[in-house]
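Peer 1: Sharing a structure here in structure tokens format.
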Amino acid sequence: MSENNISEIDKELLDILACPVCKTEVKLTEDKKGLRCVNCGRIYPIRDGIPVMLVDEATFTDNQNKG
Ligand SMILES: [Zn+2]
21 MSENNISEID KELLDILACP VCKTEVKLTE DKKGLRCVNC GRIYPIRDGI
71 PVMLVDEATF TDNQNKG
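So this is what it looks like as structure tokens:
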């Protein structure tokens, strides 16, 4: 019960989630710590197993650092 590992996001939940910017589907990142928009590449963090689908919280991949 005290384990702190991140539980995987339900696939059903993934189906209804979408990037708030371009309304495109998002996919779980390889490290399962975020959800990446397949269109714009924004990565939305997952906190305590809950996806934070906020533009202000989104980050870009390393190579895309411009605003
Ligand atoms: Zn997007």
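First residue of the sequence shown? That's 21 in my numbering, and the numbers climb one at a time after it. Virtual Cβ for every residue (Gly too), placed ideally from N, Cα, C. On a predicted model such as this, the values are computed, not experimentally measured, just so you know.
From what residue to what residue does the beta strand (DSSP E) around Leu34 run?
Peer 2: First-last for Leu34: Lys31 to Ile36, but that is the alpha helix (DSSP H), not the beta strand (DSSP E).
Peer 1: So Asn44 packs on Ile63, CB below 8 angstroms; how close in whole Å?
Peer 2: Looking at the sequence shown, residue 44 is not Asn but Thr. In fact, because the Cβ distance is near 13 angstroms, the residues do not count as touching under 8 angstroms.
Peer 1: Applying the 10 Å Cβ sphere with the 16-neighbour rule, what's the burial state of Arg67?
Peer 2: With fewer than 16 other Cβ atoms within 10 Å, it is exposed.
Peer 1: Beta-carbon of Cys42 versus every beta-carbon of chain D: anything under 8 angstroms?
Peer 2: Included in the structure is just one protein chain, with no chain D present.
Peer 1: Quick check on DSSP: helix, strand or coil for Val41?
Peer 2: In this structure, Val41 counts as coil in the three-state DSSP scheme.
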